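In my numbering, the protein residues as written are -14 to 735.
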Amino acid sequence: GKHNDKLTEKELETLEEIEELLEEKEKENALKKREDVELLVKEAFGTCIEEFNRFRERQKKFKMEGLDGKPKRKRNRLFKRSKRSEEIQKIGHILNCAKKTLIKKTGKTLKELRDDLEIAKCWKKTIKELADGNNLKKRHHSSRSKRTTPDECNEITDVNTYRTIDGQCNNLNNPHWGAAFEQQPRFISEVYNNGVDTPRTSVIPGENLPNPRELSNAVFASASETDVDESFNTLMSMNWGQFIDHDIVLTPHITGQDGAEISCCVNGNDPVERDECMAIEVDANDELGITCMEFVRSASAAAFELGDGKQVTNGITSFIDGSMVYGSTTSEVAALRDAGGKLKVKEAANGNLLPEDSSEDSICSLSGDDSDDYCQLAGDVRVNVQPGLGSLHLVFMKEHNRIVDELKTRQPGWTDDKLFNEARKIVGAIIQHITYNEWLENVFVNDVITKYDLGLLSTGFSDDYTDTLDPGITVGFATAALRFGHSQVRSQIAHMGADYSTLTDETNMEITLKNPHMLVDEAGSKVLELVRYMTTVQGAKADEEFSGAIRNKLFNTALDLTSLNIQRGRDHGLPSYTEWRKWCNLPAPVNDDDWSSMTYIKRRPRRLLQNLYKSVHDIDLYVGGMLELRSTALNGGGDFTYVGETFGCILGEQFKNLKNGDRFWYERAEPEGFSESKLAEIRKVTLSGILCKNQMSPVEENRVQMREISNRWTLRHGKDKTVMQDNTRTYEFLCSMSAFLKINSVKHLQ
Ligand code: HEM
Ligand SMILES: [Ca+2]
């Protein structure tokens, strides 16, 4: 009985030993698991680093086999500008690869991996080890070798007075916010099929998304050869949109060995199988005359978080700070600066022009039959994309130098640096002022201006700066919403004579893409004629119709920019249009086939979409956004904005962040901002005034009355055309210090 229940000393010892053994075994198992996990993660990185080296080898091979297109192919300047972007590309590639390897090895999804504490811990540890070693380390010959810390920011002289060139230390707690070469933040998380980097597919299992070119043909083709005129703005408004776009975002693409441009189609027909490509298939009967449209994927940012899918980089400063005038790196600004605080110019017989970019890889192709044509250099590499854009680069370069001259007479003791910094600060402020005071008023309805706090003060200083607001350009804004401007491009460009009637050199727009001829011809004597054209002719309407130059002959080749925009959205993992509507708190369909509820999309294209998409929840953001009724039309008020509700919401949020998340917002008090008297001067500035002061305004030259111009226009176009009938309308962007035409006044004129 009882006695037998008692264990002997010996027995007790054995039991304890067994327990200890078991415990040890358990510990060992745990250790083993951790080791396994560590091994797993380390192996994934090992394989991927090797894979990256093979990827580089493969690129060499592609080059040797001539699959990279033409021999001696140009380098991609958009990316090659900085060693830093090359490093980001490498790290981004390896991180994506490691995530995909872990998914394959464990059978878990990316989110499951993220939620597995053991794996997540190992992931962090391994990255730290790799970063401490040399594998993921940033090298030092880059123009920006590493992120600046808050402490380092405080050591910068004038950190509270002037912006840094690359935008670091704008936010003193998060110095990298809005800086060049940082990851683009998102309003909504990314969506990829494999969680990491493959484009999304239909929400209906097993179904695909429609082909981008097929979508474009169905809904973005022009009904006729002629552009539909914008009812209230000149073509200059389109140009301003692009100019601003080039101030705030540039998304680098993947490049090959030594920054070589990658080709994804052989002779426009055979797609090249490589991870860098997402070439767009084109129907053999398509008017493009090719079956494979070039599309190189954007480079992956270094997305260190285990749960993150592919992210993309912004290669320039997100802030509206004039970086397209000055550059976003120290080497860029150094190449642009001249003595005395000025910017370099090319002296030409008929006024200063932008300096020449003689490097081989400038994004510019001269036709070759005009000896005074040349490729221009500015703070953004896209300056030569089209002559209208170039003219804005030119006028702000001239304005900088003009301001330096003015400052010098008032402050003869200032150093070159001081003159440069002050002029740069004023130019940045002017660009912010024109964007919010003149341009945004065209883009939005007033409700949006109020809702997102985009209105400007007429007196006093702003205290809206919010240091918790990330001003970084977001993916949905850059990849879809701000691209609405592609619809405003006219199919032709021309020079206009001083009589406001004679058009010369009428040219199809595609011919002028990447070719600055129309701007720089005859030693600058055409500049005025080009500006005269842009400030009097109306823009094309921002609607679902795109000109041939954009949709069939981009850069005078078989490229369709709307197809690229759709494909870029998928490349960047943009959630679908209906997800964005929900995010914006707008009505959204519930069922997959709830097409009839979507009355905010124009009826005809809605039917066409229904034939192409398997579900309403598949619609690409760019497609849905462009096809929406404009906000004013939705409320029965006519077409007085450029965008509908969804783009309005995305643009509104972003422009709010750019205003209230910018420590150097121009309406702030000193030291970040200006004195009361200086601010008062900046508030009076209009784009037309800037053109005027720099001898680039038609009105200054001719001293004609507005009414006169308007009569000439009516004569030229006949009275069936709704061009420039009203005096006030011609005021837009013309030489005047008065306020730019506002939506309100347009409504008032009706
Ligand atoms: C003739 C005029 C224009 C041309 C030839 C042009 C051409 C292009 C091209 C080729 C891209 C890259 C497409 C891709 O592969 O993803 C692009 C991107 C873009 N465009 Fe335009 N564009 C023009 C005007 C405009 C205008 C007027 C706006 C805005 C109002 C605009 C906004 C944008 C934006 C935001 C991007 C994305 C930039 C980035 O993230 O790198 N563009 N454009
Ligand atoms: Ca910028």
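Using N, Cα and C, we set each Cβ at its ideal position, and we do this for glycine too.
Given the structure is predicted, the values throughout are model-derived calculations rather than measurements.
Three-way DSSP call (helix, strand, coil) for residue i in this model
| i | result |
| --- | --- |
| T744 | Past the boundaries of the shown model lies residue 744; the chain is included only from -14 to 735, so the question cannot be answered. |
| N218 | strand |
| H480 | strand |
| A527 | coil |
| L559 | coil |
| M691 | Residue placement at M691 cannot be trusted, given a pLDDT of 36 that sits under 50; what the coordinates show is reported in the next sentence. In this structure, M691 counts as helix in the three-state DSSP scheme. |
| N493 | strand |
| T699 | At T699 the pLDDT is 40, less than 50, meaning the model places this residue with poor confidence and gives no usable figure here. |
| D21 | helix |
| K12 | helix |
| C154 | coil |
| Q680 | coil |
| A208 | coil |
| N159 | coil |
| Y518 | helix |
| Y147 | coil |
| E89 | Per the sequence shown, the amino acid found at residue 89 is Lys instead of Glu. Residue state, collapsed to three classes: helix. |
| T444 | coil |
| P190 | coil |
| D117 | helix |
| F462 | helix |
| A136 | The displayed chain sequence assigns Asp, not Ala, to residue 136. Three-state DSSP puts D136 in a helix. |
| P656 | coil |
| F469 | helix |
| F429 | coil |
| E4 | helix |
| S174 | coil |
| S510 | coil |
| N537 | coil |
| I229 | helix |
Paired residues, beta bridge with residue i - DSSP
| i | result |
| --- | --- |
| H502 | According to DSSP, which records beta bridges pairwise, H502 is partnered with nothing at all. |
| K331 | L338 |
| R322 | L328 |
| Q169 | According to DSSP, which records beta bridges pairwise, Q169 is partnered with nothing at all. |
| T547 | DSSP, once it has assigned bridges, lists no residue as partnering T547. |
| L488 | M481 |
8 Å contact criterion, which residue i and residue j should meet: CB distance rounded
| i | j | result |
| --- | --- | --- |
| K327 | N386 | 5 Å |
| I675 | I411 | Rounded, the Cβ-Cβ distance is 11 Å, inconsistent with contact. |
| I275 | N254 | 6 Å |
| R185 | I265 | Not confirmed; about 16 Å, so no contact. |
| I365 | I301 | Looking at the sequence provided, one finds Asp at residue 365 rather than Ile. Between I301 and D365 the Cβ distance is about 7 Å, and since that is below 8 Å, they are a contact. |
| V181 | L95 | 6 Å |
| D232 | M309 | 5 Å |
| V608 | W580 | Incorrect: roughly 14 Å between the Cβ atoms, too far for contact. |
| S207 | E491 | 18 Å between Cβ atoms; not a contact. |
| D346 | C360 | Wrong, their Cβ atoms sit about 10 Å apart, outside the cutoff. |
| L351 | N500 | 6 Å |
| F469 | A527 | 5 Å |
| V512 | L321 | Not confirmed; about 20 Å, so no contact. |
| N178 | I88 | Rounded, the Cβ-Cβ distance is 12 Å, inconsistent with contact. |
| Q242 | Q44 | 5 Å |
| Y651 | N406 | Y651 to N406, Cβ: 15 Å. No contact. |
| S447 | R653 | 6 Å |
| D438 | D449 | 7 Å |
Would you mind listing the alpha helix (DSSP H) stretches within the region 233 to 320 that are 4+ residues and don't spill past its ends, in chain order? 308 to 311
Contained beta strand (DSSP E) runs [length at least 3] in the region 339 to 382, N- to C-terminal order: none
For the region 570 to 650, which segments carrying the alpha helix (DSSP H) assignment without a break, of at least 4 residues, lie completely within its bounds, in sequence order? 588 to 597, 606 to 612, 616 to 619 and 630 to 645
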